[in-house]
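Data block below; observations after.
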Amino acid sequence: MQADKKLFTPGPLTTTYSVKQAMLKDLGSRDDQFIQIIKNVQTKLIEIAVFCSFEGLPNDEYTVVLMQGSGTFGVESVFQTCTKLDESNVLVLENGAYGQRIEKICKLLSINHKVLRFPEDRAIDCDAVKSFLEKDNNYTHVAVIHGETTSGALNNVEKIGQLVKTHIPNSILIVDSMSAFGAVPVDIQKGFIDFLISSSNKCIQSVPGFSFVICSIKKLLSFKNNSRSLSLDLVDQYENMLKTNQFRFTPPTHSILAFKQALDELEQEGGPQKRYERYSNNHEIVRKGLLSIGFKELVPHEEQSKIINTFHYPNDENFNFEEFYKRLSDKGMVIYPGKMTKASCFRIGSIGALFAEDMHQLVQLIVQILRDMNVKIPIQY
């Protein structure tokens with residue numbers, strides 16, 4: 000059987016054989032064993048949130064709601080459920096494609112909103128946020144991306160949350176932590192985060208299939224009977240799970256089984272802190288390797304998330320990204336094209352079941368392929 004390719008991507012990503020193997024089992028969605036697995040998954044997700052919250056996280060004040068679908072389903076479920084058409088006014092802090100996606104959700108749902116835009120090659124400037132909120136704070140909600148996967152920039156959501164709490168104390172803070180939760184530290188209480196959304200196929204290292212929302216129970220229940228969607232009604236999903244430990248509609252059974260195994264493996268690795276150390280080491284190996292041959296990074300080093308890094312295309316007539324990508328893929332290594340609007344770039348992820356030897360092999364292969372393509376080394380700009 001042909002070996003799987005290594006995915007140097009921010010998710011879906013390379014998973015362990017044991018995570019894949021966990022799906023080789025059929026369970027009924029109403030089966031007692033499956034119900035217990037759902038309870039186990041919810042408990043462990045809260046434990047991760049508690050572990051990352053250095054001041055503690057009261058279990059009786061926060062819950063986790065599982066939602067079928069991709070991470071965007073989870074994000075949209077929060078906006079469908081927890082905003083009010085005639086009353087809500089959302090401030091979107093945007094520095095990339097995923098902030099723009101929240102903007103699009105607000106537009107499609109006819110939610111009043113304003114977008115505070117930042118350069119896509121930098122983390123959000125907290126001083127600029129502070130200055131803005133001092134002059135304009137008529138918002139019921141603030142939304143921000145934790146790790147902006149467009150570029151690899153890491154936004155300081157805790158500091159942003161503190162600024163929001165200071166200037167708009169009764170507002171609701173929504174954090175898309177899709178590519179960060181489970182590895183990158185985030186203190187939900189310290190950052191006054193009301194809704195944090197992530198998904199199964201990112202730092203937990205499982206397969207796609209569902210998202211999850213860690214949220215304040217009080218804030219969630221204040222939006223009971225408010226959703227404009229049946230399937231994305233977050234309150235109804237929560238209340239049904241509270242009563243039955245079941246999904247309202249067909250659950251992603253095999254994805255849940257894989258996720259339980261992935262959570263066990265996260266614990267075996269030493270938890271989020273140890274995993275982030277591995278990701279950071281992976282990130283630095285590729286970073287130093289590509290910088291040593293002349294590549295330029297898009298995002299300043301101190302603002303990088305260690306989840307994915309973005310590099311400028313060489314200014315070389317022999318460099319063609321499609322050919323570069325294909326040659327890497329043919330050798331069993333998959334990277335990501337860029338998603339920037341103003342720069343030609345490619346991206347390399349550091350997460351998933353990848354280790355130092357994988358990163359060294361990738362760097363060596365990149366050098367070899369560039370030479371085969373007659374691209375000048377050191378890289379020219």
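Taking numbering that gives the first Met the number 0, I'd label the letters of the sequence shown as residues 0 to 380. C-beta atoms are modelled at their ideal positions from N, C-alpha and C, and glycine is treated no differently.
Item	Value
Residue ranges of each alpha helix (DSSP H) within the region 8 to 87, 4 or longer	16 to 20, 31 to 51 and 70 to 80
Where R346 falls, given that 16 or more other Cβ within 10 Å makes a residue buried	buried
Delimiting residues of the beta strand (DSSP E) encompassing S254	Per DSSP, S254 belongs to no beta strand (DSSP E); it is in the alpha helix (DSSP H), T252 to E268.
Whether V174 touches I192 by CB criterion (8 Å)	yes
Simplified DSSP assignment, three categories, for L327	helix
Completely contained alpha helix (DSSP H) runs for the region 321 to 374, where each covers 4 or more residues	355 to 371
Alpha carbon of V74 to alpha carbon of Y275, nearest angstrom	24 Å
Extent of the continuous beta strand (DSSP E) run through V141	H140 to I144
Simplified DSSP state of L132, which is helix, strand or coil	helix
Where C202 falls: helix, strand or coil (DSSP)	coil
Meets three-Cβ-pair contact criterion under 8 Å: the region 360 to 371 and the region 31 to 45	no
Cutoff 7 Å; reference A96; Cβ partners in own chain excluding five residues on either side	T149 and K338
Uninterrupted alpha helix (DSSP H) stretches inside the region 145 to 189 (no shorter than 4 residues)	156 to 166
Assigned exposure category for D329 - 16 Cβ within 10 Å defines buried	exposed
Spatial neighbours of S60 in its chain, beta-carbon cut-off 8 Å, leaving aside the 5 residues before and after	The question names Ser, but residue 60 is Glu in the sequence shown. These residues qualify, in order along the chain: S215, I216 and K217.
Beta-carbon proximity of V298 to S349, cut-off 8 Å	no
Helix, strand or coil at V91 [DSSP, three-state]	strand
contact_flag[the region 263 to 272, the region 110 to 121] where n(CB pairs < 8 Å) is 3 or more	no
Residues of its chain near D371, where Cβ-Cβ distance is below 8 Å and the 5 sequence neighbours each way are ignored	R326
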